[in-house]
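Residue numbers (full-length UniProt numbering): 1 to 164.
What follows is the structure in structure tokens.
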């Protein structure tokens, strides 16, 4: 027994189309095929893998029944789709390549983001909020890619900064 990988996330939103468009336009997802559930959904893909599912918050009793589990309580069901932000989950993260293309796209689309080198790791990170639902999104790149793009200083083994 063991976990293999994270399959997907589901975003319940009051504006599924705008949410889909933001993830596709700014992060490069492709909207694709999905099974018929009897209520509207969008599945967003990275390559051949669906990783972001989007549905309408409080769409129908059929959707509520389909998405409920035996462990749901009235308070947990009513609180999940009614609030903006990431809720109990702080953010979603995607491993990426092509950092400068992402930075150019985000800048062109006027998406505010912050960037940093992750402490004690070989990661360079971009953080932003998806504006429709307030979901925090993290994009991870190799620190080597950031160094090659001159987004962080080059350090020698003695700790000397060699960047001009």
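Note that the Cβ used here is the ideal one computed from N, Cα and C, for glycine as well.
Beta-carbon proximity check, residue i vs residue j, cutoff 8 Å
i           : j           : result
residue 120 : residue 143 : no
residue 8   : residue 52  : yes
residue 125 : residue 115 : yes
residue 20  : residue 3   : no
residue 109 : residue 50  : no
residue 103 : residue 18  : no
residue 56  : residue 35  : no
Secondary structure of residue i, DSSP reduced to three states
i           : result
residue 168 : Past the edges of the chain, shown from 1 to 164, lies residue 168, and the structure says nothing about it.
residue 156 : Note on residue 156: pLDDT 42, under 50, position unreliable in the model; no value is reported.
residue 164 : Residue placement at residue 164 is flagged as unreliable, the pLDDT there being 42, under the threshold of 50; the coordinate-derived value follows with that caveat. The answer is coil: DSSP assigns residue 164 none of H, G, I, E or B.
Rounded distance between the beta-carbons of residue j and residue i, thought under 8 Å
i           : j           : result
residue 135 : residue 11  : 7 Å
residue 54  : residue 13  : 6 Å
residue 97  : residue 145 : 7 Å
residue 38  : residue 59  : Not quite, the Cβ-Cβ distance comes to about 10 Å (not below 8 Å), so this is no contact.
Mind pulling the alpha helix (DSSP H) runs of 4 or more residues that sit fully within the UniProt domain "VOC" (5 to 142)? Complete alpha helix (DSSP H) runs here, min 4: 16 to 27, 61 to 67, 74 to 80 and 99 to 108.
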